Amino acid sequence: MKSTLTTLKTRFNQALVAAFGAELEGTDPMLVPASNPKFADYQSNVAMSLSKRLGQNPRAIADQIVAHLEVADLCEPPTVAGPGFINLFVQPSYLAAQLRAMQTSDRLGLPQAKHPQKIIVDFSSPNIAKEMHVGHLRSTIIGDSIARVLEFQGHDVLRLNHVGDWGTQFGMLITYLREAYPEALTTANALALGDLTTFYKQAKARFDEDEDFRERSRLEVVALQSGNEDTLKAWSLLCEQSRIAFQEIYDLLDIRITERGESFYNPLLPSVVTDLEAAGLLVEDNGAKVVFLEGFTNKEGNPLPLIVQKSDGGYNYATTDLAAVRYRIQQDHCDRIIYVTDAGQANHFAQVWQVARRAGWVPDHVELVHVPFGVVQGEDGKKFKTRSGDTVRLRDLLDEAIARARADLEARLKEEGRTESEEFIQQVSRVVGLAAVKYADLSQNRTSNYIFSYDKMLALQGNTAPYMLYAYVRVQGISRKGGIDFEHLGADSPLVLEDETELTLAKSLLQFDEILAAVEADLFPNRLCQYLFELSQKFNQFYDRCPVLQAEEPLRTSRLVLADLTARTLKLGLSLLGIPVLERM
RNA sequence: GCUCCAGUAGCUCAGCUGGAUAGAGCAACUGCCUUCUAAGCAGUUGGUCGCAGGUUCGAGUCCUGCCUGGGGCGCCA
C-alpha cells in the first residue's frame, strides 16, 4: 500500500519539473499535513520557498504548479491560498480504497523498510549488584519502544543490555560476599542475596569503616582483573543474582534484551590502546594514556584529554565504550548504533565517538546516535525520591502503579455495581498500571525532564494510557454486543464515508504510516503517542455521533470496518510502545 | 570558567526540514446517558511562546547577547 504523502510528493516533483524545468528535479515539495483541517488535508509550502530562486511571486508559482499537478485520482482540485499555500483535500473514494487495502493487509498496509539495516539499540543498562531503580525507567521503556518500532519496520535489531558488570566496586562486593556468605562459594546454589540494595549498602559500609577490608578489596580487584578463578566465581555469582532480579522486572514489563555487559569487552581493551597508538592519536600525560580532544577544553582552556588507560594501567569506561563501538561496527556489522541514556552522557559520547572517528573505526555509512532523555523528577520538581529520601526501586514503583490502578478499578466496579473475578481484576490492574507508567514516559518529548506523577498517569481521562485502552475496549464491546467477527467483515460491502467524523477518522487511520516513518527516523516515541491519542479522540467522536450496530446496511458494515481498523491500529501502535490491549476493562 | 539541555495557558506538556488566527490534557464552569461501557462527547474561560536585539516575504522554531532552572567538565560509570 502506497503512502499518500509519498504519492503526492512524486506528483509534486513531476509538476515542478513540468512547470519550471529539469533543474527543479528533486526539489522537496514541502508537503505536510495541513496546519488546520479547515484549510486542507495536506498543504505544500514549496511556492514560497521558490520565490527567490525563480524570481516570481509565490502565488504565481503556486498557480503554475497547480496547473501542472495531476492528482485528480486522489484529491479534489487543488487550491491556492494565502501567500501561496497549495491546499489539497483527499477524495472520499480514494480514502475508501486505501482503507480497503489496509483492511485486507495483515500489517495494516504499512510498508517495510526499503533498505533494512542492522541496528543496535543499547538501553536499560543497570549495574550488577544494585537493584534497578527509577533512573533505569526511562532508558528501559524508551529503548524498548524504539527497538519495537525499528523491528516492525523490518530492521535487524540487536537489543543490548550494556550492564555495569565490571569495575573497582567489585573488589568491595566480592570481599563482602566472602565475609558475609562464605558458604556461597563452596556450596551450589547457596546464595540468595535477596535485597541487593541492602547487600550493596552493607558492603559499602564495611568498605568505609574498615581499613583492612579496603585493602582486601583492592587485592580482589587485582585478582579479578588477572582472572583468578575463585574471584571470578564470586563475581559470576553476584552477576547471576542480579540477573534474576533484573529478569523479574523485564518479564513484568515484557521486555526482551540481550545481556552484553562491560566485561564482554575486557579482552579487547589492550588493543584499543595499541590501535590508538598506531593511529598516532595516543599521548602519555601524567602517567595516563590519553587522546587529546578537539573542541573540548578544560577549566584552563587547554585541550581536554580522553583517558583510555589510567596511570595505574587500568582501563575506564571510555576505553570500554571505544571497544564497544569498534566491536559493534567491525564484528556486529551495524549500520546504526543507538544509545538510549540520560542526557548527561552527551559529552561522553561525543568524545568517545570523536576518538573512534579519528581512529578510522567509523565508516561513513555508520550512524552513531545518542538518544538522550531528561531526569525523572518528583512533583516538587526535585529528583524523584521516596519520602525517606531513598532512591525509588523500580519494582516498588511498578507495584505502586498496579496497586493504584487496582484501587481505581475496584472503586469503579463498586460504583457501577459490577462484579468481576479476581483474575480479571488482577489482569486489568496490571495492564493498566504498567501501561500508565510506560505511556506517561513515552508521551513526553524525551529530551526534557519528566515529572513523575501517579495521579496524572493513571487519570481516567485525558492523554493517558487508560483513555486509549478504553477506546480499544469500546470497539471490542461493539463486536461482543453484535456478535461480530471482524476477521470476516464483508470485503465486498462498500465503505461509506459521509459523516464528518467518519471522514476525519478515515484520514487519521491513513496517516499511521507517516508517523511510523517519522519515529523510525527521529526516534521520538512521543509522536506515536500523540498520534494514538488523536486517533482515539477521533474514534470517540465517531462513536458518539455514529451508531454502528443499529445502522442500516451498507453503513453498518462500513462503520464496523472503521471501528475494526481503529482497534487494529491502536493495538499495533500500543504494541510498539510496549503496551498490550484489553478486551474489557 | 567552559559546555550541553530546557524555559510555551494556573498545572503537566505538544508544536515535525521556519509557514495561514500558537495546540492538547488537567483544573474551573455549562450542557449531553430509555441508545454499542459517560474511563466518553459538545462547549466556555485561560498565552507579552524567559528578556532584548537581529536574519527573513514570514520566527515559538534560525543567529547573537543576557536572565532563570537542570546536567556535564582528566584517571567513577
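Just so we're aligned, residue 759 is where the first sequence starts under this note's numbering, counting upward by one. By construction, the Cβ of each residue, glycine as well, lies at the ideal position given by its N, Cα and C atoms. Please read these numbers as outputs of a predicted model, since none were measured by experiment.
Which whole runs of the beta strand (DSSP E) in the stretch 797-854 are 3 residues long or more, in chain order?
800-802, 837-839, 843-846
Whose C-beta lies closer than 8 Å to the C-beta of Glu828 among residues of the same chain, with five residues either side of it excluded?
What you label residue 828 is simply residue 70 of the first sequence in a count that begins at 1. The answer, listed in chain order, is Arg769, Gln772, Ala773.
Go through the stretch 901-964 residue by residue and report every complete run of the beta strand (DSSP E) that reaches 3 residues or more, in order.
914-919
Are Phe778 and Ala839 closer than 9 Å when you measure CB to CB?
Counting from one through the first sequence, the residue named residue 778 turns up at place 20. Counting from one through the first sequence, the residue named residue 839 turns up at place 81. In this structure, Ala839 does not lie closer than 9 Å to Phe778 by Cβ.
Just mark Gly1139 as buried or exposed, buried being the case when its beta carbon has 16 or more other beta carbons within 10 Å.
Position 381 of the first sequence, counted from the start, is the residue given in the question as residue 1139. Exposed, by the Cβ-count rule.
Residues in its own chain within less than 8 Å of Phe1182 by CB, not counting five upstream and five downstream?
By one-based count along the first sequence, residue 1182 stands at place 424. Within the same chain, Phe1182 has close Cβ partners Arg1342.
Mapping DSSP to helix, strand and coil, what is Ile1337?
For this step, residue 1337 is matched to residue 579 along the first sequence. Coil.
Kindly provide the ranges of any alpha helix (DSSP H) runs that are 4 or more residues long and lie completely inside the stretch 1100-1180, ordered along the chain.
1104-1116, 1152-1174
The stretch 1318-1328 in contact with the stretch 1225-1244 per 3-pair CB rule at 8 Å:
yes
If we call anything under 9 Å between Cβ atoms a contact, is Pro841 one with Pro869?
Residue mapping note: residue 841 aligns to position 83 of the first sequence, counting from 1. Residue mapping note: residue 869 aligns to position 111 of the first sequence, counting from 1. No.
With H, G and I counted as helix, E and B as strand and the rest as coil, what does DSSP make of Pro884?
Counting from 1 along the first sequence, the entry for residue 884 is found at position 126. It is coil, neither helix nor strand.
Starting from Gly1240, follow the alpha helix (DSSP H) in both directions and report where the run begins and ends.
As a working note, residue 1240 is residue 482 in the first sequence. Per DSSP, Gly1240 belongs to the alpha helix (DSSP H) from 1223-1240.
Out of Tyr1197, Gln1269, Leu766, which one is the CA nearest neighbour of Ile899?
Translated into the one-based positions of the first sequence, residue 899 becomes position 141. The shortest C-alpha separation from Ile899 is found at Tyr1197.
Quick check on Leu1040: does DSSP put it in helix, strand or coil?
The residue given as residue 1040 occupies position 282 in the first sequence. Here Leu1040 sits in strand by DSSP.
Pop quiz: Gly1331 and Leu1286 are said to be a contact at Cβ under 8 Å. What is the actual Cβ separation, rounded to whole angstroms?
Here residue 1331 refers to the residue found at position 573 of the first sequence. Here residue 1286 refers to the residue found at position 528 of the first sequence. Yes, they are in contact, since the Cβ atoms of Gly1331 and Leu1286 sit about 6 Å apart, within 8 Å.
Which complete alpha helix (DSSP H) runs does the stretch 1244-1303 hold, if anything under 4 residues is left out?
Fully contained in the stretch 1244-1303 are the following alpha helix (DSSP H) runs of length 4 or more, in chain order: 1258-1267, 1270-1280, 1283-1303.
Close beta carbons around Leu1156, own chain, < 8 Å, minus the five adjacent residues each side
By 1-based counting over the first sequence, the position of residue 1156 is 398. So the list reads Ile1007, Leu1010, Leu1011, Gly1191, Leu1192, Val1195, once near-sequence residues are dropped.
By Cβ distance below 8 Å, which residues in the same chain neighbour Leu895 in space, the five residues on each side in sequence not counted?
Mapped onto the first sequence, residue 895 falls at position 137. Val1134, Leu1152, Leu1155, Val1195, Asp1199.
Cβ shell of Ser807 (< 8 Å), same chain only, five flanking positions each side left out:
Within the first sequence, residue 807 is the residue found at index 49, counting from 1. So the qualifying residues of the chain are Met788.
Proximity of Ile886 and Leu763 at Cβ, strictly below 9 Å:
On the first sequence, position 128 is the one that residue 886 refers to. On the first sequence, position 5 is the one that residue 763 refers to. The answer is no: Cβ separation not under 9 Å.
Pick from Asn1024, Asp831, Asp1243: whose alpha carbon is nearest that of Ser984?
Counting from one through the first sequence, the residue named residue 984 turns up at place 226. Among Asn1024, Asp831, Asp1243, the Cα nearest to that of Ser984 is on Asn1024.
Check each candidate in Ala1217, Phe1142, Glu783 and name the one with the smallest Cα separation from Asp1166.
Here residue 1166 corresponds to residue number 408 of the first sequence, with the count starting at 1. Out of Ala1217, Phe1142, Glu783, Ala1217 has the C-alpha closest to the C-alpha of Asp1166.
For Pro1305, which three-state DSSP category applies?
Here residue 1305 refers to the residue found at position 547 of the first sequence. Pro1305 falls in the coil class under three-state DSSP.
Quick check on DSSP: helix, strand or coil for Lys876?
Against the first sequence, residue 876 aligns to sequence position 118. Reduced to three states, the DSSP call for Lys876 is strand.
Pick helix, strand or coil for Thr1055, following the three-state DSSP scheme.
Stepping through the first sequence from its first residue, residue 1055 is reached at position 297. Strand at Thr1055.
Pair within 9 Å by beta-carbon distance, Met860 and Leu1267:
Translated into the one-based positions of the first sequence, residue 860 becomes position 102. Translated into the one-based positions of the first sequence, residue 1267 becomes position 509. Cβ distance < 9 Å, so Met860 and Leu1267 count as in contact.
Identify the residues that DSSP records as bridge partners of Thr1016: which are they?
By 1-based counting over the first sequence, the position of residue 1016 is 258. Thr1016 pairs with Leu918.
To the nearest angstrom, report how far apart Asp1213 and Asp1302 are at their CA atoms.
Working through the first sequence from its first residue, we reach residue 1213 at position 455. Working through the first sequence from its first residue, we reach residue 1302 at position 544. Those two C-alpha atoms are separated by around 27 Å.
Which residues in the same chain as Asp902 place their Cβ atom closer than 6 Å to its Cβ, once the five residues preceding and following it in sequence are excluded?
Position 144 of the first sequence holds residue 902. The answer, listed in chain order, is Ile1013, Gly1336.
With distances taken Cα to Cα, identify the nearest neighbour of Gly784 among Val804, Val790, Asn794, Ala792.
Here residue 784 is taken as the residue at index 26 of the first sequence, counted from 1. Checking every option, the nearest Cα to that of Gly784 belongs to Val804.
Check this for me: beta carbons of Val1098 and Phe881, under 9 Å apart or not?
Numbered from 1 along the first sequence, position 340 holds the residue referred to as residue 1098. Numbered from 1 along the first sequence, position 123 holds the residue referred to as residue 881. Going by C-beta atoms, Val1098 is nearer than 9 Å to Phe881.
Going by the CB atoms, is the gap between Ala1117 and Ala709 shorter than 9 Å?
Nothing in the structure corresponds to residue 709, since the chain is present only between 759 and 1343.
What are the boundary residues of the alpha helix (DSSP H) that Val1083 is part of?
Within the first sequence, numbered from 1, the residue matching residue 1083 stands at position 325. In this chain, the alpha helix (DSSP H) harbouring Val1083 covers 1075-1088.
Kindly indicate which residue of Arg1094, His1106, Leu935 has the alpha-carbon position closest to the one of Pro1063.
The residue you call residue 1063 lines up with position 305 of the first sequence. With distances taken between Cα atoms, Pro1063 lies closest to His1106.
With DSSP as the reference, label His894 as helix, strand or coil.
Here residue 894 is taken as the residue at index 136 of the first sequence, counted from 1. If DSSP states are grouped into helix, strand and coil, His894 belongs with the helices.
Under DSSP, the alpha helix (DSSP H) around Leu774 begins and ends at which residues?
Stepping through the first sequence from its first residue, residue 774 is reached at position 16. From DSSP, the alpha helix (DSSP H) with Leu774 extends over 762-778.
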